[in-house]
Structures are given as C-alpha cells and as structure tokens.
Amino acid sequence: MKRRDFLKNCSVALTGSLLLSGCKNSEQNEEGQITRRKFKNISMPLLGLGCMRLPMKNNQIDMDELNTMVDYCIQHGANYFDTAYRYVDYKSEIAIGKALSRYNRKDFLLADKSPLRFLKAEKDIDRIFQEQLRKCQVDYFDFYMAHNINVNTYDKFKQFDMYNELLKYKKDGKIKYMGFSFHGSTEMLKELIDEHKWDFCMLQMNYLDWNVVKAKEQYELVEKAKIPVIVMEPLRGGGLVKLPEEALQKLHSEEPDTTPANFGLRWVASRKNVITVLSGMSNINQVKENINTFTNYKVMTEEEEQTAEEIAKIIQSQGEINCTACKYCTEVCPKGINIPAIFALYNQYKITNDKRFFLIYYNSLAESEKASNCIKCGVCNSNCPQSLNIPELLAKINEEVVQG
Ligand code: SF4
Ligand code: SF4
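According to my numbering, the residues represented by the sequence shown are 1 to 404, in order.
Take a look at the structure:
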C-alpha cells in the first residue's frame, strides 16, 4: 500500500473509533486494534505513547524511527500521544508535532503540560501555552495538565491561579480536558481534588510502587472522587522490564508465555479506573510488543495479581533503588551529578552482580558526574518524587561498588 493511502485509511478508521456514539460497553476491542475504554463522550486507547524517551541517533531525535512508531501506533488504534515542555531537552513537542502533522487533527489525541517549575510569573502560563501549540503544530490540545504538582510546585499552582487559567483554555476550546500530573503527598492530592473539578489526572502506578510509594492509596482516593486516571511509569522507567533473576524465574514459572513488559502493562490496565497507560517507548520493537499486549488484552486473574505481589516483594528484597529516571534531581544538583545514571547502573549491578560492567559504564561518566562529588547538601531530596535519600544512596554506592 502506498504511504499516502495508508495514512488515509488510518484516518478513516480512527475517525469512527474516536466517537463512542451510544456504545454501552466500557471496553471495546475491534480486530487488529488495541482495547479502548470509554471516557466522557470519546473512547480512549488503553495504550498511549509517552514522548519522554524518544528514539535517538547521533544525539538527535531519530525522526524516521519516530514516524515509523507513530504510524504503527495509529494503524493499531493507539492514537494517544503524551508530551511535555521539557521532555528530550525541550525537543519532544517539536518532534511529535512533526510526526503527527502527517495526520488529520481529529485522528489523534495529543496531551501536553504546563511546566509549573519553569513559571516565574502568571503571564508565563499563556506565553508557554502558545509556544507549545506552535511547537506541536496544533490549535488545541485534547488533554492539558498542570505538570508535576508536588511539594515544590503546589504553592506556585495556587499563587498563579493555574486552575482558572486552564479552565479559561477549556472554555475557549483550546483544551478539551483538563487535569494534572502528580508526585505529592496523599494529603495534597485530597486538597487538590476537593477544591477543584478535574476531568482526569495522571498518576505513577505499577505493581512495585503500589504499596512502596502510596500509589494504591492515591489511586483509591481519585477513584472514589470519580476522576479517571492516566498512568505514567507503568514499567518504572524500564525497571520492571529487566527483572532480577529470581523475580524473572517466578514470572516464568507462573506465566510461561508472558514477558515482564506484558505482565507489568496488563497489571496497570487491570485497574478499572485507568483510561490509558502511557509507555515511554523508544523503538519500533517496543511499540510492537506493547501493541500486541493491548490487542490481545485480558484483565489479570486473581492468581496473576498474587504473582505480581510476590514479584514486587522479591524485587524489594534485592535492594533495588526505586528511581524512575525522571531527572528532577539533576535539575537542582549544584555539582551536576548524574544521579539517575548511577542508580540505574547500581540496580543493574544488583541484578547481575557484574562489577566489571558497572565500572566500565561508571568510568565513562565525566568526573563531575560521579558520586564522590556529592557534597551532601540534600537539595535533590526535596525534588525526588520517589522520596529517595539521594546523598545517602550515592555514598553507599561509592563505598560498596566504586571503592569496594
Ligand atoms: S546532595 Fe549531592 S547529589 Fe544531591 S544535590 Fe547535593 S550534591 Fe547533588
Ligand atoms: S533519584 Fe529521584 S528525582 Fe532523581 S531521577 Fe531518580 S526518581 Fe527522579
């Protein structure tokens, strides 16, 4: 099929599937298409492409690979794309905008976020919003959020009256649905949803975080408030793809036909208040595997839920650091330490026990990025959504692996 015909065919198929037009079932699964769930008067794909870790080539976003990924997603109904102002060094919006500009606007759902951390004055909200529309080559966003409400940004959210700013965009048709992404305490979440009316929210959820970082408590709170959830970090930034050997054996003994990614995504999607699961896919193979999960999607059984709990316990018992590589700590570290890279290397080391591998990669970091440069100022701790004690962990890694 010629490329132009392919795109045209996709457009026709998706225009029909976006509208529910009286469908009574909350779950739909047309042949060859991923499962969809009802959200207000539209249908949402259960899988969305998170544009935080786009494919790279020679230090640039690989547009050929991204276009291939986007085409495959849209062809299979996975037409939800989530970007943000600072993703991929501020280039994510431009790249996904370019990839999606090859389609009719009504055939994809685009989500973006107002970067609370970067706002210095109330007028910055609209300046950045207009810039985002331009970068994404659209004249409205389907979903728009206050990005990353947490202990450091909540005051700004209130001070700049962001809720009413978003409400104005919604009334003007510049955004269809308004929400927030969240990394704060349960008390803060309660206040946020008690004081405002939201269309949706974005929470970090996966079977490891369910009890570790109060994901269950927060999910239940918004579910009770009838606010649908879009899930971020369902695989913990890839951490639930590379399971420790003991956890992998457990998974394969109970579920011989599954992969860790399939299992992790199905677990998240099995929470009924979830409308879309975002996965930060970086190549076409990951896209194909995840699309396959959701074209053949089945809700987890009680036995599988039990298996997930047991795997989570195995992972925790192996001393893994619960870092999702969000990089919020590196934005504030005065010494420029590459915290997520060091934690990722350490987690890998704990799984493989291969110190040589750890040191090869560790020594490729710039001297200034290494753990030994930490001055224990603690600034990073308050920015970490996972509540990690970063200087303590860096000191431990330095002593245990680098010096040990
Ligand atoms: S405690 Fe260490 S890692 Fe954290 S901000 Fe300070 S210097 Fe950076
Ligand atoms: S240490 Fe915390 S803030 Fe830093 S990348 Fe990991 S999860 Fe994010």
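Where a beta carbon is used, it is the ideal one built from N, C-alpha and C, also for glycine.
Pick helix, strand or coil for residue i, following the three-state DSSP scheme.
i: I128; result: helix
i: L235; result: coil
i: S253; result: helix
i: I230; result: strand
i: Q306; result: helix
i: N148; result: strand
i: N25; result: Because the pLDDT at N25 is just 40, under 50, the model does not fix this residue reliably, and the value given afterwards should be weighed accordingly. Coil at N25, not helix or strand.
i: Q137; result: coil
i: S387; result: coil
i: V277; result: strand
i: L119; result: coil
i: T15; result: The pLDDT assigned to T15 is 46, lower than 50, so where the model puts this residue is not dependable; a value taken from the coordinates is nonetheless given after this. Reduced to three states, the DSSP call for T15 is helix.
i: R37; result: strand
i: M69; result: helix
i: R4; result: The predicted position of R4 is uncertain, since its pLDDT is 46 and thus under 50; no value can be drawn from it.
i: C380; result: helix
i: K350; result: helix
i: M188; result: helix
i: P260; result: helix
i: Y169; result: helix
i: S43; result: strand
i: A111; result: strand
i: F160; result: coil
i: Q218; result: helix
i: S372; result: helix
i: L54; result: coil
i: S181; result: strand
i: I205; result: Note on residue identity: the sequence assigns Met, not Ile, to residue 205. Of the three classes helix, strand and coil, the one that applies to M205 here is coil, per DSSP.
i: A395; result: helix
i: L49; result: strand
i: Q60; result: strand
i: Y297; result: coil
i: I321; result: coil
i: E400; result: helix
Candidates the options: which alpha carbon is nearest residue i's?
i: L167; options: A225, H196, S368, D209; result: H196
i: P244; options: M232, P260, R37, R134; result: P260
i: N338; options: M300, I390, Q386, D354; result: I390
i: D274; options: Q60, D107, N206; result: The identity of residue 274 in the sequence shown is Val, whereas the question assumes Asp. It is N206 whose Cα lies nearest to the Cα of V274.
i: L116; options: Y90, K106, Y85, K91; result: Y85
i: Y177; options: P228, D71, C329, C323; result: P228
i: V70; options: M202, E310, Q286, C329; result: Q286
i: N322; options: A247, A341, G239, S92; result: G239
i: A146; options: E131, L133, Q33, E165; result: E165
i: Q130; options: E93, N150, N104; result: E93
i: Q33; options: I149, Y72, E302, L119; result: Y72
i: F118; options: K272, R356, N152; result: N152
i: R356; options: V401, Q249, K272; result: V401
i: D407; options: L345, N353, E304, I42; result: No information on residue 407 is available, as it lies outside the stretch 1 to 404 that the chain covers here.
i: K226; options: D194, I360, C326, L208; result: D194
i: D155; options: A121, N58, V138; result: A121
i: S387; options: C326, K123, K272; result: C326
i: E302; options: W267, K335, K288, P334; result: W267
Checking 7 Å against the spacing of the C-beta atoms, do residue i and residue j come in under that value?
i: N290; j: L100; result: no
i: C374; j: V332; result: no
i: Q173; j: K135; result: The question names Gln, yet the displayed sequence has Gly at residue 173. Contact flag unset, no.
i: W210; j: G179; result: no
i: M202; j: M232; result: yes
i: I315; j: A215; result: no
i: A366; j: L394; result: no
i: V241; j: S270; result: no
i: E254; j: T307; result: yes
i: G184; j: N150; result: yes
i: K91; j: I125; result: no
i: N383; j: C329; result: yes
i: E320; j: N363; result: no
i: T324; j: G378; result: no
i: L54; j: A95; result: yes
i: I230; j: T186; result: no
i: Y144; j: D112; result: yes
i: D56; j: Y87; result: First, the amino acid is wrong: residue 56 is Met here, not Asp. For M56 and Y87, no; Cβs fall outside 7 Å.
i: D142; j: L110; result: yes
I want to check one thing, is the minimum distance from the CB of residue i to the heavy atoms of ligand 4 below 6 Å?
i: G237; result: For ligand 4, the structure offers nothing, since it holds only ligand 1 and ligand 2.
Just checking, does the stretch 276-285 make contact with the stretch 62-74 on the three C-beta pairs under 8 Å criterion?
-> yes
Decide yes or no for the touch test of the stretch 289-299 against the stretch 219-231: beta carbon pairs closer than 8 Å, at least 3 of them.
-> Judged by pairs of C-beta atoms under 8 Å, the stretch 289-299 does not touch the stretch 219-231, as fewer than three such pairs exist.
Measuring from each Cβ to the nearest heavy atom of ligand 2, keep the ones under 7 Å and list them in chain order.
-> The answer, residue by residue, is C323, T324, A325, C326, K327, Y328, C329, T330, I339, P340, F343, C380, N383, C384, P385, Q386, L388, I390.
Three-pair Cβ contact test at 8 Å for the stretch 38-52 versus the stretch 71-87 = yes
Does the stretch 261-270 touch the stretch 296-315, meaning 3 or more C-beta pairs lie closer than 8 Å?
-> yes
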